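Heads up: the structure comes next, in structure tokens.
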Amino acid sequence: MNRLAAWTTEAVSKGVAKGLMKLSALTRTQSNDALLAKIAAVPGLSLEHGEGRDSAHFFLNFLRHAERRGFSEREVARRAQQYLAHPVIASERARQMARLRFGLPGLRSLILSPTVRCNLRCEHCYNLFEIHEDGRDRLSLSTMERVVGEAKELGAFRVSVIGGEPLLRWRDLALLAETHNDVLFTVFTNGLLVTDEVASTLCAQGNVELAVSVDGPEALHERWRGEGTFARAVAAIERYVAHGGMALFAPTVTAENYEALLSDAFVDAMIERGAYMGYLHHYDMVGGQEREDWLLSREQLQRMQRRIEEIHRTKPVSILSNVVSDLLRGGCPAVRDFVHINHKGEVEPCCMVPFAGASILEQSLARALKAPLFDDVRALEPDAHGIKRCLVGENLVTIRRAVDRGDARGTNAKSDALFAHQDPAVVAKLPTCFSSTA
Ligand code: SF4
368 MNRLAAWTTE AVSKGVAKGL MKLSALTRTQ SNDALLAKIA AVPGLSLEHG
418 EGRDSAHFFL NFLRHAERRG FSEREVARRA QQYLAHPVIA SERARQMARL
468 RFGLPGLRSL ILSPTVRCNL RCEHCYNLFE IHEDGRDRLS LSTMERVVGE
518 AKELGAFRVS VIGGEPLLRW RDLALLAETH NDVLFTVFTN GLLVTDEVAS
568 TLCAQGNVEL AVSVDGPEAL HERWRGEGTF ARAVAAIERY VAHGGMALFA
618 PTVTAENYEA LLSDAFVDAM IERGAYMGYL HHYDMVGGQE REDWLLSREQ
668 LQRMQRRIEE IHRTKPVSIL SNVVSDLLRG GCPAVRDFVH INHKGEVEPC
718 CMVPFAGASI LEQSLARALK APLFDDVRAL EPDAHGIKRC LVGENLVTIR
768 RAVDRGDARG TNAKSDALFA HQDPAVVAKL PTCFSSTA
């Protein structure tokens with residue numbers, strides 16, 4: 368980011384923090400509903416369901432979290448910079464430049480897998496097959512530093528770090544966060560490697576948050592992840608928060624655990640441990656998994672959606688689900704908002720789409736994004752409900768055509784198995800973001 372842009376985002380963040388501190392004081396005495404009624408009275412602001420209401424709850428619950436932790440105005444300004452000013456103001460400016468420089472619409476974030484190696488073997492993992500197949504890391508620290516720099520030029524000031532277990536490379540991640548201290552990194556981890564040394568090193572720059580996989584109460588969690596893993600996962604959240612970091616709980620959702628995950632007891636326990644948010648990732652079958660009975664039905668998704676709304680109104684925490692969240696409305700964000708770079712340097716439209724259109728190992732990210740597969744994805748139109756559907760659900764045919772033309776290739780040995788899904792009932796339940804909305 369140039370000096371003028373850095374100054375602008377800092378100045379805006381300081382101004383925003385002053386307003387937030389005032390609003391934060393109001394959250395001590397007033398419910399979200401009462402505050403939203405006041406906000407909705409402001410001319411031009413719409414807070415109807417799906418039109419900003421969840422975002423407003425998210426915002427207020429973030430302030431409630433800040434209030435609980437006693438954040439100073441300086442700390443709130445720093446968070447405003449990471450969560451608001453960089454991803455909105457700096458990103459918008461970079462995307463405008465990307466149109467001129469590269470003829471590309473740009474990105475809002477990047478998903479990066481430094482490794483698929485893992486210290487666990489969970490049956491419900493979306494990447495289980497790849498972990499067994501080929502766990503060699505091919506992304507060096509210098510490649511990651513280059514790619515994150517290039518992603519910023521395209522507008523991406525947020526990076527989700529996934530795997531495998533990304534903390535197997537925690538020293539590299541700490542250096543990456545230091546090099547790009549204007550980027551917010553969210554590291555998805557099973558929490559087992561979060562020692563005090565790891566927590567304090569990753570917290571040092573203030574721009575790494577931890578998303579710890581906690582799949583529900585102890586018995587459910589350990590049935591998938593193994594004995595002793597629950598206590599270590601929740602301790603990871605506590606430890607990271609104790610070092611001053613931001614942490615969230617990030618379970619995999621199945622038909623078996625979704626009710627327990629959203630129960631008062633579980634959500635309250637996560638809040639107590641210090642989580643400011645929950646990110647729910649739905650179980651899927653894109654990695655050759657076979658538990659069709661773990662996919663959620665439409666009715667279960669709708670129940671989840673209602674329960675999430677209730678939590679937003681009554682608890683100081685926000686819940687984001689890649690399938691039912693109104694915060695993500697607008698259709699499939701793959702390629703429009705982000706791409707995934709896997710541990711081999713291959714560029715996939717999304718981490719749930721095991722097909723690549725290019726590699727970043729020998730070319731820039733901007734050049735890789737000009738590959739025909741990404742043009743095809745950008746050209747996809749929304750359906751009759753106005754929703755752009757999933758590339759491994761209803762729009763699988765787009766990937767199939769690109770593979771047949773030679774413009775895309777499977778990134779693991781089970782990629783092509785996706786094409787064998789013939790049953791429309793199963794396809795409709797694959798990881799179709801926004802599937803409860805129509
Ligand atoms: S709709 Fe499908 S392809 Fe698009 S972001 Fe969601 S999982 Fe990925």
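FYI, the numbering used here numbers position 385 of the sequence shown as 752, with every residue one higher than the one before it.
For each residue, glycine too, the CB sits at the ideal point set by N, CA and C.
As the structure is a prediction and not an experimental result, all values here were calculated from the model.
Measure how close the beta-carbons of V744 and S726 come, nearest whole angstrom, since I'm counting them as under 8 Å. In fact, because the Cβ distance is near 17 Å, the residues do not count as touching under 8 Å.
Could you say if the region 675-690 and the region 443-463 meet the contact criterion of at least three C-beta pairs nearer than 8 Å? no
From the DSSP output, in three-state form, read off S527 for me. strand
Which partner residues does F705 have in the DSSP bridge list? A701
Which residue wins for smallest C-alpha separation from L647, given the options E676, N689, S782? N689
Since A784 is in the alpha helix (DSSP H), which residue starts that stretch and which ends it? Unbroken run through A784: none, as it is neither H nor E.
Any idea what DSSP makes of R745, helix, strand or coil? helix
Mind checking L467: buried by the 16 CB within 10 Å criterion, or exposed? exposed
Under 7 Å between C-beta atoms of E564 and M613: no
Write down the C-beta distance between V483 and G531 rounded to the nearest angstrom, noting that I regard them as a contact closer than 8 Å. 4 Å
Where does the unbroken beta strand (DSSP E) through T553 begin, and where does it stop? 551-556
Limits of the alpha helix (DSSP H) - the one that F425 falls within: 420-436
Is C717 near the ligand GDP, in the sense that its beta carbon is under 6 Å from a heavy atom of that ligand? Although the ligand GDP was asked about, the structure shown includes only the ligand SF4 as ligands.
With hydrogens ignored, establish whether the beta-carbon of C492 is closer than 6 Å to any heavy atom of the ligand SF4. no
Give a yes or no on whether the C-beta atoms belonging to V720 and L758 are separated by under 7 Å. yes
Using CA coordinates, which residue listed in Y625, Y643, V581 is at the minimum distance from A617? V581
Regarding V720 and the ligand SF4, is the C-beta to nearest heavy atom distance less than 6 Å? yes
Count Cβ pairs between the region 430-438 and the region 385-394 that sit closer than 8 Å; are there 3 or more? yes
Given a cut-off of 7 Å, decide if W591 and C718 are closer than it, judged by their beta-carbon atoms. no
Report yes if the C-beta of L647 is less than 6 Å from at least one heavy atom of the ligand SF4; otherwise report no. no
Residue from T510, H547, R538 whose Cα sits closest to the Cα of T568: R538
So for L647, helix, strand or coil by DSSP? strand
Where does A578 fall in DSSP's three states? strand
For R756, the three-state DSSP class (helix, strand or coil): coil
Are at least three pairs of beta-carbons, each pair with one atom in the region 507-520 and one in the region 664-677, less than 8 Å apart? no
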